[in-house]
Structures are given as structure tokens and as C-alpha cells.
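According to full-length UniProt numbering, numbering within the sequence shown proceeds without interruption in unit steps and concludes at 522.
Here a beta-carbon is modelled for each residue, glycine too, at the ideal position from N, C-alpha and C.
One structure is given here, and the rest of the page talks about it.
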Amino acid sequence: MPSNKPITIACDACRRRKVRCDEQQPCSRCQSAGIACYTTSVRRKKGRQGASATVLQELRKAPVHNETSSIPSPEITVTSAQFIRQPGLLSPSVVQSCADYFFSRMLGTVPILLPATFQRHVDRMAECLHSYCLVSAFCAFIFTQTGYASCHNPENATVGLGRRFLDEAMAVRRHLDPFAAPTRYGITIAFLLYGCQIGMGNQRQAYYFLRESTTLYTAGMLDQADAGVDDDAGNLFWLLLISERAHAIRRHRPITLQITPDSPVLDDTQSDSFSIGFRCLADLYRPFDQSFLSCWNGTDRSSSRELLIRLEEHLQQAVPADLGLPDILSADLRVSQQWLRTMIWQLATSAGFLSSTPSHPCLGFAYPLQIARDLSLATWKLSKESLETHGVGLKIFEITCTLTDVMACMSPAGLRSSSFDLGPQDYLKHFCTLIHGLPGGETKFMPLLLAKVSQTFPSMLAPVTRHLGLPVQDHVASAEMDMESPIEYQSDWYKAFNWAEMSRIGDRTPEIERAVQFGEGR
């Protein structure tokens, strides 16, 4: 296990003079020589070059750096223009509250910081801009990406405060040299800003920061100077891989990170729930590589039924039914699992693989009904707080839109529940309830979802709005179908399909496109 002992390094002046440095700040040799003492992670050429042979004279002429840092890493330089912080913005109580929320709920899905590492940055905020930027981005991430606001201040909207944190992090970042600190810190800040921009619905900015974090990683810049920053470097690789692949599927983007024999391996000896949950999450996204994305994006037409069947079987095995994780970890796992199953079915639809007599359920027309049933059973057991933590609203929204498309192709008989079994109408109402209760769901997703239901399956709009306690427009009520009259239930759902309607399922409707613009993280 890596040591958490701080890494020390000689200052630039002692290194160039080739003398022993006592690694203080400032060091005794620089004080006695009357020169500025600072440390950067940028190594200069060895030996003396030209006029620089007179090292002391050159160093005395060098400008003094404004800020330094004693975080266990090379010192950080800033631009000459001083950054003016917003006084009192990052109050100790808010920072501590955000940290408590994150480390008690999210280490199983976003293992990017350890409590001790984060606390060192908090302690250095006053004197180190890099730490101040990281803490600002961290708090902005908690406010914009999770259900923190509804848990801690349900009566008063705190989106404005999250935006202020984000603006502060973006402003201070412009005063930092991203290459003058350990790369791990740069990746952490870029990833947090990615999550913030996703939470604010800024898709282009979010993609920029996601690509920055993966590019920094693939550039091979995690050198020995970064050792000891985090508990497990493998967590960082897999977190970036999961986020990049989820974003690539949703937005049809390319990916940077590939799984190779040299890729970090997650430690499978740790048996705590956070470690188990994250290993399952990484395993979910493992096979969704460039080959799948090429088929998904339409650049490769060689997808096969066998490939999709293997993917579906992998998803089923990646998250065992009897895993027994806490709600806070199960929520993201179960929703992500069913969302990926939905993506497989949509690819099968666009590839023309669907059949009324499928060789595997994922190639059948009624497969989204099975997905809806599995997700309903999983989420009925989960607390509202567990679903709020991970920002799963967009994934549930996309699953619900696919379910609505399939329901619109069915006869009234196929929509009903039978005896004590749930039916498609129950699934739709349950998902609408979930979305309506999630942070931002009532304002971001519900209008789009109701528009989707109104256009695709107008007869269900009145039952859904009535179930949610929302007002129903007169013209909607007049189009309502009588769903309460007794009709014999048909267990063979595929017999009730309107085959002419199936050709459009899987297309990205305007409602889905607008929902993706709002976006969420993984």
C-alpha cells in the first residue's frame, strides 16, 4: 500500500547550484544568499548553459514568486496578476458539510480524493491558490451534481451558491499554471469542473474539462512526484474511463482511455462496500469500448447479434442480484446497469436485429418492459436520498422515454397489470414519480417527459399527471383512454405490438436531446 508520507524536494535554486537543500520554506541557503526560494515541478536542463553559468547572479535577478505551497508536492507558481478571492465564500462550515456529504456517500462512485488529502488542501487554502481552486471546485461539484441542496436546505434554493463556487473555481484556475503542480491535482480539478459544468447544463464546457482530464492522464504525466497523493492510482483511471464512456454513449463522442494489459488493476482484496461498489461499476463499463462506440455512432456497421448478447449477459453478471450493498451504492449501480441495457436494445433496434421470436430477450420487442420491471423492483427498495446523491435523473429519463415508445406500440390489453403483478402503466407512473422527486426533476425533466408522453402516447398523459397530482389540460383529458375497464390480460406482449410504429423506436427525440442538454454526470 502506498505510503502517505509527504514527498520533499529541493528548491530550484539549490538544485541548480547543486548544493544540499534543507527543504524548508524558504531554505537556509537561499536566505543566506539573498535569493528567492521556490520550487516547481518543471525540471531544467542539467548543467550550466552560457550566461547562466553564474548561477547566484542569475538567481538574484529572477522575479520573486508570489505564492508557494507546502502540500506534499512540488511548489505551485501563479501568474503575476494577483487573484482576489471572494471573502467568506468558502466558510469552514460549508466546506466541512460538503466534505461530510461526499466522503460518507460518494467514495463508492467518485473515489477521487481521500479525506486526509482533502483536509491538507483545506488547511492550505489561505496561502495556496491551487488548494483554494480545488476546494472551490469540490464544493461546486457537491452543490451542482448531487442532492446535497435538497438534503441540507430544501426550503431555499442553493443553485446560486453552487454557481458562485463554480465561478470562483473557474476564476482562480485562470491564475494557475496547470503544469506547475502534480498532475494528479490538475486531473482532480478538471474532473470536478467537468461534473460542475454537467450539473449546470453546459455540455461543451463539460466535454472540454473531461477531455482535459483524460488527456493529462494519457500523456503519461503521473510521475514519481505524484506518488502518495491518492490511495490507489487505479481508482483515478477507472473513474475517468467510466465517466468518459458514459458521456461518449450519451453524446456520441470519441473516447481516449483504452483498457490494455498495462492499465491499472483495481484492488480486489478490499472488502468494504465502497470498494466492492466501485469495482462493480467499473466492470459494468468495461466492455463498452471503441468497438461498441463505433457501432453506436454508425461509423462501423459490423455489429452482430452475438456481440449484443454478450454485452447484455456481461451486464447481468457484473452486478449480482444478491450483492447486498447499501442503498447509497446500489442506486447508481442499478440505474446504470438498466440504462446500459437500454442502450444495447436501442442499438439492436437501429441495426434491425429485433424479432418477435428472439434468440435472446435483448433482441425482442418487449425487452424494455423487462428492463422497466427490473429497475422498478430495484428502485422501489431504495431510499429517495440514495437516488438523489448520484444524479441519476437523466438515465431514468432516457429509460422512461424508451418505455413510453414501446407502450405506444401496444394494445390496451398489453398495458395492464395482472393479479398482483405490475404492468407497464405501473412502471411508467413509478418512473415519473422518481423523476419528479429528484433534484431538478420537476423543472428540468418532467416538462420534457410529459411532452414526450403527450406526443407519443397521449392516452397516458392524464393518468400520469393525475398520479403526480399535476393539473391536466382540458384537451388532454378529452383524449384520455378508459384504462380502468376490465380487459383480459395478454401475457405474450409481442402480440399486442403495432409493428408499423416499431421502426421509429430508438431515435433520439427532441425531448431526449433537450434533456441531454441539461445533463448530469455518469
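Check, Outcome
"Please work out which residues of its chain come closer than 8 Å, Cβ to Cβ, to L333, disregarding the five sequence neighbours upstream and downstream, and give them in chain order.", "G277, C280, L281, L284, V319, L323 and L325"
"Of all the options Q145, C401 and C98, which has the alpha carbon lying nearest to the alpha carbon of A451?", "C401"
"Rounded to whole angstroms, how far is the Cβ of A372 from the Cβ of I399, which I believe are closer than 8 Å?", "7 Å"
"Does the distance from the CB of P26 to the CB of C37 come in under 8 Å?", "yes"
"Reducing DSSP to helix, strand and coil, say where L89 ends up.", "coil"
"Is it right to say D12 is buried, meaning 16 or more other beta carbons lie within 10 angstroms of its own, or is it exposed?", "buried"
"If you draw a straight line from the C-alpha of L311 to the C-alpha of Q455, how long is it?", "32 Å"
"With distance defined between alpha-carbon atoms, name the residue in L236, F353 and A378 nearest to F191.", "L236"
"Can you tell me the Cα-Cα spacing of A348 and P458, whole angstroms?", "26 Å"
"Return the residue from the list S350, A366, P368 and M446 that minimises the CA-CA distance to F397.", "M446"
"Could you tell me whether the region 131 to 149 touches the region 91 to 104, using the rule of 3 or more Cβ pairs below 8 Å?", "yes"
"Let me see if you follow: with CB-CB separation under 8 Å, is H436 close to chain C or not?", "Given the protein chain composition of this structure (a single chain), no chain C is represented."
"Who pairs with L210 in a beta bridge, going by DSSP?", "Paired residue(s): none; L210 is not in a bridge."
"Can you list, in chain order, the residues of its chain whose CB lies under 7 Å from that of F102, leaving out five sequence neighbours each side?", "I142"
"At the level of alpha carbons, what is the spacing between T214 and T357?", "43 Å"
"Assign S383 to one of two classes, buried (16 or more other C-beta atoms within 10 Å of its C-beta) or exposed (fewer than that).", "exposed"
"I'd like to confirm the pairing. Which residues does DSSP put opposite S355 in its beta bridges?", "G364"
"Which two residues bound the contiguous alpha helix (DSSP H) that contains Y427?", "P424 to G437"
"Compare the beta carbon distance of L438 and L375 with 8 Å and say whether it is the shorter of the two.", "no"
"At a cut of 8 Å, does the region 196 to 205 reach the region 111 to 119 through at least three beta carbon pairs?", "no"
"Spatial neighbours of P361 within its chain, please: CB distance less than 7 Å, with the 5 preceding and 5 following residues excluded, ordered by chain position.", "Y367 and Q370"
"Could you give the distance in angstroms between the alpha-carbon of I255 and the alpha-carbon of V110?", "19 Å"
"According to the Cβ coordinates, are L129 and F179 closer than 8 Å?", "no"
"Could you check what DSSP says for C409 in three-state terms: helix, strand or coil?", "coil"
"Using DSSP with H/G/I as helix, E/B as strand and the rest coil, what is T400?", "helix"
"Which whole-angstrom value describes the C-beta separation of residue 544 and L428, a residue pair presumed to lie in contact below a C-beta threshold of 8 Å?", "One cannot answer for residue 544 here, as it falls past the ends of the chain, which runs 1 to 522."
"Could you check which residue in S330, S275 and S291 has the C-alpha nearest to that of L307?", "S291"
"Between H314 and the rest of its own chain, which residues show a CB-CB distance below 6 Å, the 5 nearest in sequence each way excluded?", "P287"
"Where H436 and E442 are concerned, what is the direct C-alpha to C-alpha distance, given to the nearest angstrom?", "5 Å"
"Is the Cβ-Cβ distance between M170 and T389 less than 8 Å?", "no"
"With DSSP collapsed to three states, give me the class of A252.", "Note on residue identity: the sequence assigns His, not Ala, to residue 252. Coil at H252, not helix or strand."
"Between T188 and L134, is the Cβ-Cβ spacing less than 8 Å?", "yes"
"Which one of L90, S355, G186 and A126 has the shortest CA to CA distance from L161?", "L90"
"Indicate the three-state DSSP secondary structure (helix, strand or coil) for V453 in the structure shown.", "helix"
"Are the Cβ atoms of L210 and G186 separated by less than 8 Å?", "no"
"What are the boundary residues of the alpha helix (DSSP H) that includes E23?", "That residue, E23, is in no alpha helix (DSSP H); it is neither H nor E in DSSP."
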